[in-house]
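Same order as they appear, the protein sequences are chains B and V. Under this note's numbering, the first residue of the first sequence carries the number 9, and numbering increases by one thereafter. Under this note's numbering, the first residue of the second sequence carries the number 204, and numbering increases by one thereafter. Just so you know, even glycine gets a beta-carbon here, dropped at the ideal spot from N, CA and C. Predicted model only: the values in this text are computed from it and were never measured. The next block holds one structure in the form of structure tokens; read it before the comments.
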Amino acid sequence: MAILGNVQQRSFEVRIDGASVGFKPNSC
Amino acid sequence: AVEAPGYVTVSAASFKPGSTCSAPDPVAPQRNGTSAVLRLTHRHGPCAPSRTSSLAAPSVADTLRADQRRAEYILRRVSGAGAQQLLGSKAAAATVPANWGYDIGTLNYVVTASLGTPGVAQTLEVDTGSDLSWVQCKPCSAPACYNQKDPLFDPAQSSSYAAVPCGGSACAGLGMYESSCVSSAQCGYVVRYGDGSSTTGVYSSDTLTLTSTDAVQGFLFGCGRAQSGLFTGIDGLLGLGRLQPSLVGQTAGTYGGAFSYCLPTKPSTTGYLALGGASGAAPAGFSTTQLLSSPSAPTYYIVMLTGISVGGQPLSVPASAFAGGTVVDTGTVVTRLPPAAYAALRSAFRSSMASYSYPAAPPTGILDTCYNFAGYGAVTLPTVALTFSSGATLTLGADGILSFGCLAFAASGSDGG
Chain B
9 MAILGNVQQR SFEVRIDGAS VGFKPNSC
Chain V
204 AVEAPGYVTV SAASFKPGST CSAPDPVAPQ RNGTSAVLRL THRHGPCAPS
254 RTSSLAAPSV ADTLRADQRR AEYILRRVSG AGAQQLLGSK AAAATVPANW
304 GYDIGTLNYV VTASLGTPGV AQTLEVDTGS DLSWVQCKPC SAPACYNQKD
354 PLFDPAQSSS YAAVPCGGSA CAGLGMYESS CVSSAQCGYV VRYGDGSSTT
404 GVYSSDTLTL TSTDAVQGFL FGCGRAQSGL FTGIDGLLGL GRLQPSLVGQ
454 TAGTYGGAFS YCLPTKPSTT GYLALGGASG AAPAGFSTTQ LLSSPSAPTY
504 YIVMLTGISV GGQPLSVPAS AFAGGTVVDT GTVVTRLPPA AYAALRSAFR
554 SSMASYSYPA APPTGILDTC YNFAGYGAVT LPTVALTFSS GATLTLGADG
604 ILSFGCLAFA ASGSDGG
């Protein structure tokens, strides 16, 4: 079991919809 | 120096907190489909809403202790542990060296929204790991309520406020939040968070104004009468989880259940929370992975981590180690990995860093691989990349690899449990 913490999410746009999770680097 | 492939060199200054808010408001992506975009900042620091920024951030030790309790709670929930077992974990004590100069924001993120008519601005932590949103409500004084900086929301002053009645579908919709009928047939709620904090009060409805053009009429939220825990700097919480009581659940008809967020790397920069945007194929620039769910913990957004590489070299960790899934949680600070994966990551990272002879620093709470970069103008790190099912890869920058001068990962429960 793992948890993706917010330190590793930083600067990525994380996009969540009903079917998928997307990551886009250098977004903020 | 020329960077070796698989390594990144950053200025040591990038680990220092900025003292002024350097970012203009972010330009969140404009996508087709309705979209409400809110400015998102670190809970503390120069870009935090001015009313809260002067509040002292909790110590790193407290932050990591609370984070450990939250992570253990999430792991138990996903494993289907009973409610009683979920609570009551004792986080290991953390001794933290005092000579830190690193970015010690509490690494939680807030947006500002207005509640009621006329609207009262409230600074709310965004949390993909919980569903019910809440604010502290008047009358509310210490010790039942913590001392928040922004004005308390007063339901009696809001023309659009209504308490949720007992017995109705909204109250029934609270399900796991220990809803019960309290005085005058109002619907009471209790939320207990994994880090030991809690809120209880009256489930209510009012207008939540997200932006100048977007408002949610009849938004259901907790009107908190008693809270305890690490809530310094926020007035309440905005639940973005997968169940109906969350903001995402309540606005599915308007925003299609799609949302995105960008958490800024430093307290001196800003990010955004965007509701809506086209569902279906992800726009250009995204690498996507399948969204999974856990029957025992339906709140959480779960994806499948399949591999990790350090310095461009994949770690030899069996895929079964990741079989338990990975919760995507804005409220957990440090990524937790199954023990076998963490051990392999730590070993590869330490051996890559050894060639640069950075002095070791003492472990920090749950973070056991720390360096003292004082005196270094630049720091060179091996890249770390996380790969998910369907091949989506998160190649982390230095600010996603190190936190508090330490490798910002920790071991979680059993492998593939």
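For residue i, report the span of its alpha helix (DSSP H) as first-last.
| i | result |
| --- | --- |
| A546/V | P542 to A557 |
| C250/V | Neither: C250/V is in no alpha helix (DSSP H) and is coded neither H nor E. |
| S376/V | With the sequence shown as reference, residue 376/V is identified as Gly, and Ser is not the correct amino acid for it. From DSSP, G376/V is part of no alpha helix (DSSP H); its letter is neither H nor E. |
| V263/V | V263 to V281 |
Give the straight-line distance between the Cα atoms of residue i and residue j, rounded to the nearest whole angstrom.
| i | j | result |
| --- | --- | --- |
| L377/V | F552/V | 44 Å |
| P486/V | T596/V | 16 Å |
| C573/V | L610/V | 6 Å |
| T454/V | S363/V | 18 Å |
| Q17/B | S35/B | 11 Å |
| S592/V | V240/V | 29 Å |
| Q360/V | T320/V | 8 Å |
| G603/V | S408/V | 38 Å |
| P562/V | V582/V | 12 Å |
| R268/V | R428/V | 26 Å |
| L411/V | R549/V | 44 Å |
| R509/V | N14/B | Note on residue identity: the sequence assigns Thr, not Arg, to residue 509/V. Distance between the alpha carbons of T509/V and N14/B: 19 Å. |
| P467/V | V394/V | 28 Å |
| N21/B | P249/V | Here residue 21/B is Glu; the residue named in the question, Asn, does not match the sequence. So the two alpha carbons sit approximately 22 Å from each other. |
| T309/V | T491/V | Note that T309/V scores 45 on pLDDT, short of 50, meaning its location in the model is unreliable; the coordinates nonetheless yield the value given after this. Rounded to whole angstroms, T309/V to T491/V spans 28 Å at the Cα level. |
| T598/V | G514/V | 10 Å |
| L289/V | T502/V | Unreliable placement is indicated for L289/V, whose pLDDT of 46 sits below 50; the coordinate value is still reported in the next sentence. Roughly 15 Å between the two C-alpha positions. |
| Y210/V | Y559/V | 12 Å |
| S372/V | S262/V | 42 Å |
| T315/V | E328/V | 9 Å |
| F424/V | M507/V | 31 Å |
| S282/V | V531/V | 16 Å |
| A557/V | S523/V | 29 Å |
| N350/V | S19/B | 31 Å |
| G488/V | G600/V | 17 Å |
Quick check on the DSSP output: the beta strand (DSSP E) that includes residue i runs from which residue to which?
| i | result |
| --- | --- |
| Y464/V | F462 to C465 |
| C426/V | A418 to S431 |
| V530/V | T529 to V531 |
| Y312/V | Y312 to L318 |
| Y210/V | Y210 to S214 |
| I604/V | Not the beta strand (DSSP E): I604/V falls in the alpha helix (DSSP H), residues A601 to I604. |
| G479/V | G474 to G479 |
| Q351/V | Per DSSP, Q351/V belongs to no beta strand (DSSP E) and is neither H nor E. |
| G30/B | S28 to K32 |
For residue i, which residues in the same chain have their Cβ closer than 7 Å to its Cβ, ignoring the five residues on either side in sequence?
| i | result |
| --- | --- |
| S431/V | S400 and S401 |
| S615/V | A274, L278, R539, L540 and P541 |
| A215/V | F576, Y579, G580, A581 and V582 |
| S497/V | V281, Y503, I505 and G528 |
Measuring CA to CA, which of the options is closest to residue i?
| i | options | result |
| --- | --- | --- |
| P45/B | V385/V, G319/V and A588/V | Because chain B is modelled from 9 through 36, residue 45/B falls outside the range shown and cannot be assessed. |
| V537/V | S363/V, C250/V, S519/V and F607/V | F607/V |
| S225/V | V213/V, A239/V and T244/V | T244/V |
| L278/V | G332/V, L318/V, A324/V and A239/V | G332/V |
| Y312/V | G322/V, T502/V and T326/V | T326/V |
| W337/V | C250/V, A601/V and I437/V | I437/V |
| F525/V | A544/V, S519/V, S512/V and L518/V | A544/V |
| M9/B | G528/V, T567/V and N575/V | G528/V |
| T414/V | G425/V, S317/V, S490/V and C343/V | S317/V |
| A546/V | L518/V, V405/V and A522/V | L518/V |
| C343/V | L355/V, S555/V and D334/V | L355/V |
| A461/V | S214/V, R242/V, A613/V and V451/V | V451/V |
| V323/V | G439/V, T473/V and M556/V | G439/V |
| Y396/V | S262/V, R280/V, A373/V and T473/V | R280/V |
| S217/V | G425/V, P470/V and G404/V | P470/V |
| A27/B | G488/V, T590/V, A522/V and Y504/V | Y504/V |
| Y406/V | T435/V, L443/V and S449/V | S449/V |
| C426/V | T586/V, V329/V and P358/V | P358/V |
| R246/V | T457/V, Q493/V and T472/V | T472/V |
| L605/V | P208/V, A207/V and T212/V | T212/V |
| A365/V | T403/V, F422/V and P585/V | F422/V |
| V419/V | Y458/V, Y392/V and T435/V | Y458/V |
| T533/V | D330/V, F612/V, G479/V and R242/V | D330/V |
By Cβ distance below 8 Å, which residues in the same chain neighbour residue i in space, the five residues on each side in sequence not counted?
| i | result |
| --- | --- |
| N302/V | A caution first: N302/V carries a pLDDT of 31, below 50, which makes its placement in the model unreliable, though a value can still be read off. For N302/V, where only same-chain residues beyond five positions count, there are no Cβ hits under 8 Å. |
| D270/V | D398, T535, V536, V537 and I569 |
| D265/V | L433 |
| T416/V | A239 |
| A564/V | P300, C573, Y574, N575, G608 and C609 |
Which residues in the same chain as residue i place their Cβ atom closer than 6 Å to its Cβ, once the five residues preceding and following it in sequence are excluded?
| i | result |
| --- | --- |
| C369/V | C384, A388 and C390 |
| A477/V | A231, S238, V240 and S463 |
| S512/V | A588 |
| D334/V | G442, G444, L446, P448, S449 and T502 |
| T567/V | V299, C573, F607 and C609 |
| C465/V | G474 and Y475 |
| said: So if I threshold CB-CB distances at 7 Å, which residues from the stretch 422–452 of chain V count as touching chain B? | reply: Residues of the stretch 422–452 of chain V with a Cβ closer than 7 Å to any Cβ of chain B: none.
Closer than 9 Å, Cβ to any Cβ of chain B: which residues of the stretch 571–583 of chain V, in chain order?
-> Shown here is that no member of the stretch 571–583 of chain V has a Cβ falling below 9 Å from a Cβ of chain B.
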